[in-house]
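To start, the structure itself, in structure tokens.
In the working numbering, the protein residues as written are 1161 to 1307.
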């Protein structure tokens, strides 16, 4: 026995509620949006047309998704200390594709600001910047100068 669109919308919304707290208004909105999406998909299936690709509309501003002690995945809304390649792969994305999709620079770390700062400080304590500077100097000395 196949499920009705309402039943499917309710199940999907219940799954979302179980992963993050939602207000009654958010639940109502999510349920309505989910139902409308399922209805549009069903209609496009019957008419054999491709659904129009939706604009990317994450629930949070991408710039605000990277916070002091957490990063929020813009695909599913889950919170992490760091977005791992394994998690992004579950959404069919690489970190490069994720950055491009949400407008992050290629050098933007996909981790909480505190973790990024901690790693930076740890690197400085180990002398990585000095070692890097020395390596660059050595490379430039070894190269023959062009006339």
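Glycine residues also receive a C-beta, built at the ideal position from the N, C-alpha and C atoms.
None of these values were measured; they are calculated from a predicted model.
With three or more C-beta pairs closer than 8 Å as the rule, is the stretch 1163-1180 touching the stretch 1192-1207? yes
In or out: residue 1225 buried (at least 16 other Cβ within 10 Å) or exposed? Classification for residue 1225: buried.
Go ahead and label residue 1260 buried or exposed: buried means 16 or more other beta carbons lie within 10 angstroms of its beta carbon, across all protein chains shown. exposed
First and last residue of the uninterrupted alpha helix (DSSP H) at residue 1283: 1273-1285
Give me whichever residues DSSP pairs with residue 1242 in a beta bridge. 1271
Quick one: grab the DSSP three-state call for residue 1220. coil
May I ask you to list the residues that DSSP assigns as paired with residue 1120? Because the chain is modelled from 1161 through 1307, residue 1120 falls outside the range shown and cannot be assessed.
On a Cα-Cα basis, can you pick out the residue from 1299, 1287, 1262 and 1281 that is closest to residue 1221? If we check each option's Cα against that of residue 1221, 1262 comes out closest.
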